[in-house]
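A.B. asks: In my numbering, the protein residues as written are 55 to 291. For glycine and all other residues, C-beta sits at the position ideal for the given N, C-alpha and C.
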Ligand code: SF4
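1) Are the segment 91 to 108 and the segment 128 to 140 touching by the rule of at least three beta carbon pairs closer than 8 Å?
2) When the distance is taken between beta carbons, is residue 205 closer than 9 Å to residue 298?
3) Are the beta-carbon atoms of residue 181 and residue 220 separated by less than 9 Å?
4) Kindly indicate which three-state DSSP category residue 126 falls into: helix, strand or coil?
5) I believe residue 97 touches residue 164 by the beta-carbon criterion, under 8 Å. Please report the beta-carbon distance rounded to the nearest angstrom.
6) Identify, in the order they occur along the chain, each residue of the same chain with its Cβ nearer than 7 Å to the Cβ of residue 172, setting aside the five sequence neighbours on each side.
7) Measuring only the C-alpha atoms, how far is residue 80 from residue 177?
8) With respect to the beta strand (DSSP E) encompassing residue 86, which residues constitute its N-terminal and C-terminal limits?
9) Which full runs of the alpha helix (DSSP H) of 4+ residues lie inside the segment 198 to 250, going along the chain?
10) May I ask you to check if the CB of residue 85 is nearer than 8 Å to at least one heavy atom of the ligand SF4?
11) Just list the beta strand (DSSP E) runs in the segment 146 to 201, keeping only unbroken ones of 3 residues or longer that don't cross its boundaries, in chain order.
12) Cβ atoms of residue 152 and residue 101: under 9 Å apart, would you say?
13) Applying the 10 Å Cβ sphere with the 16-neighbour rule, what's the burial state of residue 162?
14) Between the alpha carbons of residue 225 and residue 185, how many angstroms are there, rounded?
15) Assign residue 71 to buried or exposed, taking buried as 16 or more other Cβ atoms, counted over all protein chains shown, within 10 Å of its Cβ.
16) Decide if residue 112 is buried, meaning its Cβ has at least 16 other Cβ atoms within 10 Å, or exposed.
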C-alpha cells in the first residue's frame with residue numbers, strides 16, 4: 055500500500071474512501087480489523103511515534119465505524135520487548151475505548167528465527183494477561199518460509215498454550231491446572247493426557263520411554279518422589 059501511495063503520489067484509497075468502505079462492510083455485516091502498517095516490525099521500533107500516531111488514527115476510524123454501525127477489532131504491534139507490553143495494552147485499550155484488541159504476538163526478541171512461535175507465545179501470554187482480547191499464532195517458519203502443515207500445528211498449539219496462560223490471569227481460569235496437579239500427585243497418567251493441551255504429544259513422549267514401573271516415569275525411575283511419598287503416607291495411615 056505504501057508502494058502504491060508513493061508511486062501514485064496519492065492518499066491510501068481505503069482511508070480516503072473510508073465512509074464508502076463502511077457502507078459496504080455494513081451491508082455485508084463484516085467486522086473490520088483495523089491493522090497497522092507502522093506496527094513495530096522489529097523490537098527496536100516498538101512504541102515509537104509512527105506506531106502511536108497510527109494507533110490514534112485507528113482509534114478515530116474505530117469511532118467512525120461504530121457511528122456507521124460496523125464492529126471493529128483494533129490490531130496492535132508485532133514486536134515489543136517484554137517491559138513495554140503492559141504499557142502497549144493499556145494505551146491501546148484506553149485510546150480505543152476498550153474495543154477488542156488484537157495483539158500480533160508480540161515477538162519479544164528478533165534473534166530466534168526457527169523458534170519464533172515460542173518467542174511470540176512469551177509475548178502473547180503477557181499481552182493476554184494484561185488485557186489483549188485476541189492473539190495470533192506464529193509458526194516456527196515465521197520470517198523464514200511459508201509454513202507447512204507441521205509448522206501450523208506447532209504454531210496453533212503454542213498459541214493455545216499462550217492463550218491459556220493469559221486466561222489464567224485475565225479470567226482466573228485455573229481449574230484445569232489444579233486438576234493436572236492432582237493427577238500428577240496421584241500418578242494418574244490417563245487423566246494427565248486428557249487434561250493436556252496436546253494429549254497426542256504427551257502420550258508420544260511417554261510411550262517413547264516407557265518405565266519398567268507404569269506408575270512412575272523414566273526421569274527418576276525407582277526414586278520417583280510421588281511414588282515414595284504416596285507409599286509412606288499410605289503406610290502412616
Ligand atoms: S519419576 Fe520423577 S518426574 Fe517422573 S513422576 Fe516421579 S517424581 Fe515426577
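C.D. replies: Once the coordinates are examined:
1) By the criterion of at least three beta-carbon pairs nearer than 8 Å, the segment 91 to 108 is in contact with the segment 128 to 140.
2) No answer is possible for residue 298: the residues shown for the chain start at 55 and end at 291.
3) A contact, by the Cβ cut-off of 9 Å.
4) DSSP places residue 126 in strand when its eight states are reduced to three.
5) Contact holds; Cβ gap of about 6 Å.
6) Spatial neighbours of residue 172 in its own chain (CB-CB distance under 7 Å, excluding positions within 5 residues in sequence) are listed in chain order as 212.
7) It is roughly 33 Å from the alpha-carbon of residue 80 to the alpha-carbon of residue 177.
8) From DSSP, the beta strand (DSSP E) with residue 86 extends over 86 to 88.
9) As summarised for the segment 198 to 250, the continuous alpha helix (DSSP H) elements at least 4 residues long and confined to that stretch are 203 to 224, 229 to 239 and 243 to 249, given in chain order.
10) The closest heavy atom of the ligand SF4 lies 8 Å or more from the beta carbon of residue 85.
11) Unbroken beta strand (DSSP E) runs of no fewer than 3 residues, entirely contained in the segment 146 to 201, are found at 155 to 157, following chain order.
12) The answer is no: Cβ separation not under 9 Å.
13) Buried, because 16 or more other Cβ atoms sit within 10 Å of the Cβ of residue 162.
14) Taking the straight line from one Cα to the other gives about 10 Å.
15) Under this definition residue 71 is an exposed residue.
16) Its Cβ being crowded by 16 or more others within 10 Å, residue 112 is buried.
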